[in-house]
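All remarks here apply to the structure that follows.
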Amino acid sequence: MKLRRGARWGAVLVAGGLLASLAACSSGGSDTAGGDVSGQKLTVLIGSSGDAETKAVTDAAKSWGTANKATAKVVAANDLTQQLGQGFAGGNPPDLFYMGWDQFQTYASKQYLEPYADKAGNKDAFYPSLTSAFSYKDKFYCQPKDFSTLGLIINTEKWGAAGLTDADLPTDWAGLETVAKKLTTADTAGLSFGAEYARIGTFMNQAGGSMLSKDGKKVTADSAENLAGLTEVKKLLSDGVLKFPADLDSGWSGEALGKGKAAMVIEGPWISGLKTDYLNLKYKAVELPAGPGGQSTFTFSNCWGIPAQSKTTAAAESLVKFLTSDEQQLKFSDAFGVIPSTESAAKVYSTTYPQNESFVKSNDYAVSPVAFAGASTVIGDFNSQLQGLSTADPKAILGTLQTNLQAALDAANK
Numbered sequence: 017m018k019l020r021r022g023a024r025w026g027a028v029l030v031a032g033g034l035l036a037s038l039a040a041c042s043s044g045g046s047d048t049a050g051g052d053v054s055g056q057k058l059t060v061l062i063g064s065s066g067d068a069e070t071k072a073v074t075d076a077a078k079s080w081g082t083a084n085k086a087t088a089k090v091v092a093a094n095d096l097t098q099q100l101g102q103g104f105a106g107g108n109p110p111d112l113f114y115m116g117w118d119q120f121q122t123y124a125s126k127q128y129l130e131p132y133a134d135k136a137g138n139k140d141a142f143y144p145s146l147t148s149a150f151s152y153k154d155k156f157y158c159q160p161k162d163f164s165t166l167g168l169i170i171n172t173e174k175w176g177a178a179g180l181t182d183a184d185l186p187t188d189w190a191g192l193e194t195v196a197k198k199l200t201t202a203d204t205a206g207l208s209f210g211a212e213y214a215r216i217g218t219f220m221n222q223a224g225g226s227m228l229s230k231d232g233k234k235v236t237a238d239s240a241e242n243l244a245g246l247t248e249v250k251k252l253l254s255d256g257v258l259k260f261p262a263d264l265d266s267g268w269s270g271e272a273l274g275k276g277k278a279a280m281v282i283e284g285p286w287i288s289g290l291k292t293d294y295l296n297l298k299y300k301a302v303e304l305p306a307g308p309g310g311q312s313t314f315t316f317s318n319c320w321g322i323p324a325q326s327k328t329t330a331a332a333e334s335l336v337k338f339l340t341s342d343e344q345q346l347k348f349s350d351a352f353g354v355i356p357s358t359e360s361a362a363k364v365y366s367t368t369y370p371q372n373e374s375f376v377k378s379n380d381y382a383v384s385p386v387a388f389a390g391a392s393t394v395i396g397d398f399n400s401q402l403q404g405l406s407t408a409d410p411k412a413i414l415g416t417l418q419t420n421l422q423a424a425l426d427a428a429n430k
């Protein structure tokens, strides 16, 4: 389902042997960076959520082209990861493209990206968490185009039917356990979210855990804090108040919410798209409850990537400056619901869309999931183990994750 596109742990060039192909080719573009803007013809590759996004980006590119006497052709990829990898492997990458948070470290470490953002005049306009997500070796590479965070989405009709009010909104794990129990019935799970790191990892972080040391040189997966996070999720499962989507005959937790099989879910602002399929659904979004280590959530984003040493770098940078302006980002918000990546535009967004204010507010303490080159394969295995968390040993799961993730980090740092 497209609604989950920006928030799922994505494949990172490994499909179809693209990583091996990339390793054998040079970085994108020519040996001469820069170039004039006027008269340039750019190709822009995006991973679109639907017609509204494609049209909005296309219209923006046309406006920029008209003002700069240039052209920018927008191509909506059928499979962004594959098509982008093929472009680089063939020595003909697009001039500008969506670069996902989960792929960035791989591309940056192989020097396929132009670090234009580090010298941009508006580099300080973006949320620090987003700047960090698209930085490699302390250099800011590409400007984030928007972002999403995770929150607690509540079916307000079921909430009211259970006798709950705003005073009961959970602010900690104990509160979450209490309301989840009250909302659980024979037909409805009190809480649902995906059996994956991109959701369960928030509990690990809320317990004060992390995947990497602060300097990024050591894996810290097998810690007491991460164990507390996994143990809390296992407790919710054991108490019968948490059901994974597959156990609710749903492809993702948003579907379970729409069907009425879950009263609360952990998802992002893309949840608004549910109203297309579930017209009578009424919900509200609030910040995730804090754990013993405080508040935490994940932030997900794409940045505007430019190939290293491209002949069209100057024109691409000009287009990025236009696309990331507050005015244009707010137009994108109107068109297809994304949250602007600049702090100033996000504040306007919060006022315009008060139902999504919690997603914006939580970005103040959000972190990006671990995403260094090679991590995705390990996380994929971690996700497989999390599916059996209800009967598994959380300590053993973290031990395996520690070993495998450290090996991947060592390989990435060679």
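Mapping the sequence shown onto the working numbering, position 74 (from 1) lands on 90, and the numbers just tick up by one. Cβ atoms here follow ideal geometry from the backbone N, Cα and C, with glycine treated the same way.
Query, Result
"For T87, the first and last residue of its enclosing alpha helix (DSSP H)", "Premise fails: T87 lies in the beta strand (DSSP E), 87-92, not in any alpha helix (DSSP H)."
"Segment contact, 8 Å Cβ cut-off, at least three pairs: the segment 388-401 with the segment 206-216", "yes"
"DSSP state of L129 mapped onto helix, strand, coil", "strand"
"Local conformation of K153 per DSSP, three classes", "coil"
"Cβ distance (whole Å) where V281 is taken to contact I413 below 8 Å", "Not really, about 23 Å apart at Cβ, beyond 8 Å."
"Cβ-Cβ separation, T165 to F375 (assumed contact under 8 Å), whole Å", "5 Å"
"For W286, three-class secondary structure by DSSP", "helix"
"Rounded distance between the beta-carbons of K198 and L185, thought under 8 Å", "Wrong, their Cβ atoms sit about 13 Å apart, outside the cutoff."
"According to DSSP, residues forming a beta bridge with V319", "Per the sequence presented here, residue 319 reads as Cys, with Val not at that position. M115, P160, per the DSSP bridge assignment."
"Contact belief for G353 with S288 at Cβ below 8 Å, rounded distance in angstroms", "6 Å"
"Sufficient close CB pairs (3 or more, under 8 Å) joining the segment 364-371 to the segment 77-97", "no"
"Three-pair Cβ contact test at 8 Å for the segment 315-335 versus the segment 101-115", "yes"
"Minimum C-alpha distance to L243 - residue among G309, E283, E193", "G309"
"Same chain, Cβ closer than 8 Å to D52, neighbours up to 5 away in sequence not counted", "A330, A331"
"Collapsed DSSP secondary structure at L228 in the structure displayed", "strand"
"Between the CA atoms of A423 and F209 - distance to the nearest angstrom", "29 Å"
"Cβ neighbours of D409 in the same chain (closer than 8 Å, five flanking residues each side left out)", "none"
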